[in-house]
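Trainee: Take this structure first; my questions come after.
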Amino acid sequence: MTKYDYDLFVIGAGSGGVRASRIAAGHGARVGICEESRVGGTCVIRGCVPKKLLVYASQFAEGFNDASGYGWEVPPAQFSWPELIETKDREIDRLNQVYLGLLEAAGVTLHMGRGRLIDEHTVEVSEQRFTAEKILIAVGGRPWVPEIPGASLGFTSDEAFHLEQLPKRILVAGAGYIAAEFAGIFNGLGADVTLAYRRERILRGFDEDVREAVEAGMAGRGIEFMYHAAPARLEQQGDGIHVTFSDDQTQVFDGVMFATGRAPYTWDLGLEAVGVHTGPGNRIEVDSYSRTSVDNIFAVGDVTDRLNLTPIALMEGHAFADTQFGGMDRPIEHDDTPAAVFSQPPVGTVGLSEAEARADGLAVKVYRSRFTPMKYTLAGRQEKGLMKLVVDADSDRVLGCHVVGPDAPEMLQGFAVAVRAGLTKADFDRTVGIHPTAAEELVTLRQPV
Ligand code: NDP
């Protein structure tokens, strides 16, 4: 009989924490988990899932517009933001119940409340203390907002899902994943959207051709871009929120969304007291087995800030549980992680960008196609999609695959397998295309640019 209440105690019931606790319980561990908000975490409650539902909602406007090119006469459509939020909330409630059911079915004991480390084997939750042989920190991250005067007049992605009304004129500050996705959502639902970025061109870190194609597509849909502009001050006045930018110009909006990044949620967790080291940006430092500087304490997901992606948290949580409780050896590596941005147009990407491959000193061949998706032809839309392969000229290996256009995220999952498997351009060429699709472009790119 062990001297602890649990074999594993997990702080945070989001994607990483729930997966780790279920798998550990499946391996026979006695597992407790705590959650201060709602089981399901960022992805299910206030991230990927509700975001995707809002993206779907916003795409109808485009469909109604395009329909006339296909012979439809569509009466003026009416949209109700409160109705959308209500139906979205019902779906999130349902998923929250599914997650609660998963924990129960796995035999994991849930304690509601914020968890705090007391010592290396003790966690306090709502004034109750639990001991465990191993502890997993999976508390995720929180939106980060710059400290500028009037910042509290703005909102973040957390609140965006619960706005009472859709503001008419919206400023989105930032140009990362969340900014690109929400700018598209608000725009599709009928708001006038301006995206302000302190540098030039959205989605820093993505392939340059991707950035250009997404920006062109967003601008074509009516989103305004302000570059070298970051909000410096917000003031509520009678006609709206007056935003003064870093270059001193002022504009008026009805809503200001900060999509200026996320930070690990390490506040008041008791990390210092037990000696869990944090690095730059307060992220918990871990090794490839997700072990922190304290031997029996582990961390997975956004709190470690390795890659803020749900499937990464799931993989890290699963591998941790298999290694610690299932007798397996599963270190984590993050190479060739595919990703999608559900902007409009959307992005799917895996592997190296052209610039990254060149920076690695590789001889690079680039294959690229820009074309108008077939669906847009009768609709009379001029927008061009992008297909791009970055290939190592010496080995012929496909190092990166980047797509912008309808269904890009769906398309990339399969191509990610090919890139991860180390397949060559010749392997791509040998594969018969599926006709007529956009994806077939990726196996018919003949001439390097
Ligand atoms: P990102 O780090 O992607 O983007 C933050 C943006 O805010 C950047 O454009 C950044 O500019 C800008 N910024 C930062 N500080 C300031 C400031 N003080 N003033 C003005 N602008 C500023 O963060 P997100 O919040 O968009 O997303 C967080 C993470 O969540 C992502 O990295 C991603 O991993 C994950 N995510 C994934 C999604 C998906 O898989 N589809 C969807 C949503 C989120 P600069 O470029 O100059 O640093």
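Under full-length UniProt numbering, the residues of the sequence shown are numbered 1 to 449, in order. Beta carbons are placed, not taken as given, at the ideal position from N, Cα and C, and that holds for glycine. Computed from a predicted structure; not experimentally measured.
1. Does DSSP classify PRO406 as helix, strand or coil?
2. Could you spell out the range, first to last residue, of the beta strand (DSSP E) harbouring ALA196?
3. What runs of the alpha helix (DSSP H), each 4 residues or longer, lie entirely inside the region 279-328?
4. Given that a residue counts as buried once 16 or more other Cβ atoms are within 10 Å of its Cβ, and exposed if not, what is HIS277?
5. I'd like to confirm something about ASN187: is its beta-carbon nearer than 7 angstroms to some heavy atom of the ligand NDP, or not?
6. Taking the straight line between their C-alpha atoms, what separation do you get for LEU102 and GLU440?
7. Report yes if the C-beta of ASN308 is less than 7 angstroms from at least one heavy atom of the ligand NDP; otherwise report no.
8. Between ARG291, MET112 and VAL341, which lies nearest to GLY47 when the distance is taken from Cα to Cα?
9. Per DSSP, what kind of secondary structure is SER68 in: helix, strand or coil?
10. Leaving out the 5 sequence neighbours to the left and right, which residues in its chain are closer than 6 angstroms to ALA77 when beta-carbon positions are compared?
11. Which residues bound the alpha helix (DSSP H) around GLY227?
12. Skipping 5 residues on each side, what residues in its chain have a beta carbon closer than 6 angstroms to that of VAL391?
13. Using the Cα positions of GLY222 and VAL214, report the straight-line distance between them to the nearest angstrom.
14. Enumerate in chain order the residues of its own chain whose CB-to-CB distance from residue 509 is below 7 angstroms, with the five nearest sequence positions on each side excluded.
15. Out of VAL243, THR337, ASN96 and ARG291, which one is the CA nearest neighbour of ALA321?
16. Are the Cβ atoms of residue 484 and ARG262 separated by less than 8 angstroms?
17. How do the region 226-233 and the region 243-260 stand: do at least 3 beta-carbon pairs fall below 8 angstroms, yes or no?
18. Any heavy atom of the ligand NDP closer than 7 angstroms to the Cβ of GLY176?
19. Measuring straight from C-alpha to C-alpha, what distance separates ARG30 and TYR99?
20. Leaving aside the five residues before and after PRO338 along the sequence, list all residues of the same chain whose C-beta is less than 6 angstroms from its C-beta, in chain order.
21. Return the CA-CA distance between residue 455 and PHE258, expressed in angstroms with no decimal places.
22. Contact check, TYR6 vs ALA132 under 8 angstroms by CB: the rounded distance?
23. Considering just the uninterrupted stretch of the alpha helix (DSSP H) at ILE85, what are its terminal residues?
24. Less than 6 angstroms between C-beta atoms, sequence neighbours within five positions excluded: which residues of the same chain meet that for LEU386?
25. In whole angstroms, what is the alpha-carbon distance linking ASP394 and ALA363?
26. Return the chain-ordered list of same chain residues with a C-beta closer than 6 angstroms to the C-beta of THR444, the five sequence neighbours on each side being excluded.
Mentor: According to the structure shown:
1. Start at 1 with the first residue of the sequence shown, and residue 406 comes out as number 406. Of the three classes helix, strand and coil, the one that applies to PRO406 here is coil, per DSSP.
2. For the purposes of this step, residue 196 is taken as residue 196 along the sequence shown, with counting starting at 1. It spans 192-197 - the beta strand (DSSP E) in which ALA196 sits, taken as one unbroken run.
3. 310-325
4. As a working note, residue 277 is residue 277 in the sequence shown. HIS277 should be labelled exposed.
5. If you number the sequence shown from 1, residue 187 lands on position 187. Outside the cutoff, so no.
6. Taking the first residue of the sequence shown as position 1, residue 102 is located at position 102. Taking the first residue of the sequence shown as position 1, residue 440 is located at position 440. Approximately 39 angstroms, taken between the alpha carbons.
7. As a first step, residue 308 is located in the sequence shown; it is residue number 308 there, counting from the start. ASN308 Cβ: within cutoff of the ligand NDP.
8. Here residue 47 refers to the residue found at position 47 of the sequence shown. When each option's Cα is compared against that of GLY47, the closest is VAL341.
9. Here residue 68 corresponds to residue number 68 of the sequence shown, with the count starting at 1. The answer is helix: DSSP assigns SER68 an H, G or I state.
10. Working through the sequence shown from its first residue, we reach residue 77 at position 77. These residues qualify, in order along the chain: PHE64.
11. Along the sequence shown, read from residue 1 onward, the residue named residue 227 stands at position 227. For the record, residue 227 in the displayed sequence is Tyr; it is not Gly. Taken as a continuous stretch (DSSP letters only), TYR227 belongs to no alpha helix (DSSP H), being part of the beta strand (DSSP E) at 224-227.
12. If you number the sequence shown from 1, residue 391 lands on position 391. Here the set comprises LYS365, VAL398 and LYS425.
13. Locating residue 222 in the sequence shown gives position 222, counting from the first residue. Locating residue 214 in the sequence shown gives position 214, counting from the first residue. So the two alpha carbons sit approximately 13 angstroms from each other.
14. This structure gives no information on residue 509, because the portion of the chain shown stretches from 1 to 449.
15. Position 321 of the sequence shown holds residue 321. Looking at the Cα atoms, ARG291 is the closest of the given residues.
16. Outside the shown range of the chain, which is 1 to 449, sits residue 484, and nothing can be said about it.
17. yes
18. Position 176 of the sequence shown holds residue 176. Because some heavy atom of the ligand NDP lies under 7 angstroms away, the Cβ of GLY176 counts as near it: yes.
19. If you number the sequence shown from 1, residue 30 lands on position 30. If you number the sequence shown from 1, residue 99 lands on position 99. About 18 angstroms.
20. Locating residue 338 in the sequence shown gives position 338, where the first residue counts as 1. Correct list, in chain order: VAL350, LEU412 and ALA416.
21. The question about residue 455 has no answer here: the residues shown for the chain are numbered 1 through 449.
22. Taking the first residue of the sequence shown as 1, we reach residue 6 at position 6. Taking the first residue of the sequence shown as 1, we reach residue 132 at position 132. Correct: roughly 4 angstroms between the Cβ atoms.
23. Position 85 of the sequence shown, counting from 1, holds the residue named residue 85. Counting along the chain, the alpha helix (DSSP H) containing ILE85 begins and ends at 81-106.
24. Residue mapping note: residue 386 aligns to position 386 of the sequence shown, counting from 1. Hits under 6 angstroms: ASP209, ALA213, ARG370 and VAL404.
25. Along the sequence shown, read from residue 1 onward, the residue named residue 394 stands at position 394. Along the sequence shown, read from residue 1 onward, the residue named residue 363 stands at position 363. In a straight line, the C-alpha of ASP394 is about 7 angstroms away from that of ALA363.
26. Position 444 of the sequence shown, counted from the first residue, corresponds to residue 444. These residues qualify, in order along the chain: GLY433.
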